[in-house]
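Going by this note's numbering, the sequence shown opens with residue -15, and the numbers climb by one from there. I have placed the structure first, in the form of structure tokens, so that the comments after it can refer back to it.
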Amino acid sequence: MLLSIQDLNVRFRMGKSGGVAQYAHAVGRDGAGVSFDIPENSTVALVGESGSGKSVTAMSILNLLPDNAERSGRILWQGRDLLQAPLSELQALRGREIACVFQDPMTSLNPVFTIGAQLVEPLRRHLGLAGRAAMDKAEALLHEVGIPEPKRRLGAYPFELSGGQQQRVMIAMALACEPKLLIADEPTTALDVTIQRQVLELIAGLKEKHRMSVLFISHDLGVVGEIADQVVVMRHGQVREQGPVARIFSAPQDDYTRALLACRPSLTGNPARLMVIDDHIAAQTAVRNGTAAATVRQAQAKDASAPVVLEVRSLAKSFWLPKGLFGKREFKAVQNVNFQLRRGHTLGVVGESGSGKTTMGLTLLRLHEPTGGEVIFDGRNLLTLTDRERQAMRRRIQIVFQNPYASLNPRFTIGQTLVEPMVIHGIGKDLAEREQRARVLLGKVGLDDRAFGRYPHEFSGGQRQRIAIARALTLDPEVLVLDEAVSALDVSVQAQVLNLLKDLQDELGLSYVFISHDLAVVRFISDEVLVMKDGVVVEQASAEQILAAPREDYTRRLLSAVPRGWQPAA
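Given below as structure tokens:
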């Protein structure tokens, strides 16, 4: 056995209260710790929602935890207990025998060092390579993970690479010393479906080539089903179920596992609401108790004759990039985009990273100045308004960004965050009325009154995204542009936010431009879909038509890349 985790408990010291130390348990509790094995040349997946203890369990292996963490139990690496190992022994293992790939490569790669310098570091530290030998090895690693022009990329900085290329660099660094175990912590969560497919295939191929084992951490069972041999399902710091991937997918034993499998949107069928984890568990309990379970309602067709609230004609956006010493060249990020958005409808916009989705959404709002075209709203072209006119119109079209951690001011309370836009646009006669309105909106997005005086860091990612939606609603908008608004959320929180968006649309008659790389999510929430590639709309039709009978090869390729979980052999 390569690695055996036995009765692992992890808790964090949280200070003292009345002279008594306070602890928060992250992994294991009530005398039951986490236990599972990783055999040689196998992939074991840790699955669960955010906060389930997956990453804490994985980071415990090499003690990559904060100083206030306390671990107990046993972590046996080829028979050696790593919990008893001195720091020097762990440092020798890190990168050499056990390597890690993290979720966000941009925060893992040093922005001030070139890719070559960062690849050479583990080669020099663990293998004693230097000079030309180290650079040749670094170039070979980039070639192995599929980076184009690897020799030239050695001199590039992280910001010069796409997200998928950055993740490939992280994998190259992890494989530099040919480790026996690769820990991959949510390595594909923020990537579009085609890049995700490439990274999954890359990890699987490298695992076979180097005969290493992989501990793959994810909240998405669709991804896990395609890469894992064994699955360990965790919730609230405890193992709920574990076993071979085929058994977990075909005959899950635990209600929580069944709920995880069921709460993700599907490419087939379109319910009116997604059931979240607790809904599924309650329904399964009701069936066992012989009581009636709630039926899943199918989505109702929208009014095809609803008035058009937004019409986009020949929208274009170009950026000018340097060429040579004094020249410049035009990069056409968005070209000739046309669509109509009706009241109460949702337009889904899909495509790979770099397809122009986000640039198109930002240009609609003139957060990028357009190169050409028209955006007609309420009979006026938004692209020709003066600054004063645009300020008045902007309150009626709002945006929710992808990253709720970056889009909320950490120094503002939630109350201040919601009140500020009302002050700027003169909504409400006084502070008391604005605060009351803010509290009502918090209730609409499922947060109670206690949230008003708290700060963003006190909330989870899903709660922060709800706050961002509430902030957009403070101005009574008619159109919301949602830019990858659920892509970073785990499946249960994602279902909650998608249900919330549908509820608000039904209640307030909102229209959405929903930008995403996740076709299953777009299928659930959208009425019409635009497929973009290289800044151009390559296909445009109803959500059902796009997914059931795509006309373009590019659309078919996007659909084929969607993870579908474990499938029985034919």
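In this text, a Cβ means the ideal position worked out from N, Cα and C, and glycines have one as well.
The beta strand (DSSP E) spanning ALA256 covers which residue range?
Looking at the DSSP string, ALA256 is not in any beta strand (DSSP E), and its letter there is neither H nor E.
So, for ARG313: in the same chain, excluding its five sequence neighbours on each side, which residues have a beta-carbon less than 6 Å away from its beta-carbon?
LEU305, LYS307
Got a sec, what are the start and stop residues for the beta strand (DSSP E) ASP21 sits in?
From DSSP, the beta strand (DSSP E) with ASP21 extends over 18 to 22.
CB-CB under 6 Å to ASP519, same chain, minus the five flanking residues each way: which ones, in chain order?
Residue identity check: residue 519 is Gly in the sequence provided, not Asp. Cβ within range, chain order: LYS316, ALA317, VAL318, GLN319, GLY340.
Round the Cβ separation of VAL465 and LEU348 to the nearest angstrom and send it over; I've been treating them as touching at under 8 Å.
The beta-carbon distance between VAL465 and LEU348, rounded to whole angstroms, is 6 Å. This is short enough to meet the 8 Å contact definition.
Assign LEU415 to buried or exposed, taking buried as 16 or more other Cβ atoms, counted over all protein chains shown, within 10 Å of its Cβ.
exposed
Measuring CA to CA, which of ASP490, ALA525, THR355, ARG350 is closest to LEU369?
ARG350
CA-CA distance, PHE143 and ASP238?
43 Å
Classify ASP263 as helix, strand or coil using the three-state DSSP reduction.
helix
Look up ASP149 in the DSSP assignment and say whether it is helix, strand or coil.
Sequence inspection shows Gln at residue 149; the Asp mentioned does not correspond to that position. Helix.
Just mark THR241 as buried or exposed, buried being the case when its beta carbon has 16 or more other beta carbons within 10 Å.
With 16 or more Cβ atoms within 10 Å of its Cβ, THR241 is classed as buried.
List the endpoints of the continuous alpha helix (DSSP H) containing ASP169.
Membership of ASP169 in any alpha helix (DSSP H) is not indicated; the residue belongs instead to the beta strand (DSSP E) covering 165 to 169.
Going by DSSP, what residue range makes up the beta strand (DSSP E) through ALA317?
311 to 326
Determine the contact status of VAL129 and LEU184, defining contact as a CB-CB distance below 8 Å.
no
May I have the straight-line CA-CA distance separating VAL522 from ARG378, to the nearest angstrom?
Roughly 29 Å between the two C-alpha positions.
Taking the Cβ atom as the reference point for each residue, do ILE59 and SER44 lie within a distance shorter than 8 Å?
yes
Under three-state DSSP, which class holds ALA533?
coil
My guess is that VAL463 and SER495 are in contact by the Cβ rule of under 8 Å, so how many angstroms apart are they, rounded?
5 Å
Kindly indicate which three-state DSSP category LEU349 falls into: helix, strand or coil?
coil
DSSP three-state label for TYR389, please.
helix
Quick one: measure Cβ to Cβ for ARG507 and PRO249, integer angstroms, because I've assumed they're closer than 8 Å.
6 Å
Report buried or exposed for LYS193, applying the criterion of at least 16 other Cβ atoms within 10 angstroms of its Cβ.
exposed
In whole angstroms, what is the alpha-carbon distance linking ILE201 and ASN273?
If I take the Cα positions, the gap works out to 34 Å.
Using CA coordinates, which residue listed in LYS286, ALA527, LEU503, SER234 is at the minimum distance from LYS541?
Just to set this straight, residue 541 is Arg in the shown sequence, not Lys. When each option's Cα is compared against that of ARG541, the closest is LEU503.
Would you kindly work out how many angstroms separate the C-alpha atoms of VAL481 and LEU67, rounded to a whole number?
40 Å
Excluding sequence positions up to five away, which residues of its chain have a Cβ less than 8 Å from the Cβ of GLN(-10)?
GLY17, SER19, GLY57, ARG58, ILE59, LEU60
Closest by CA to SER510, which one among ARG297, ILE499, GLU33?
ILE499
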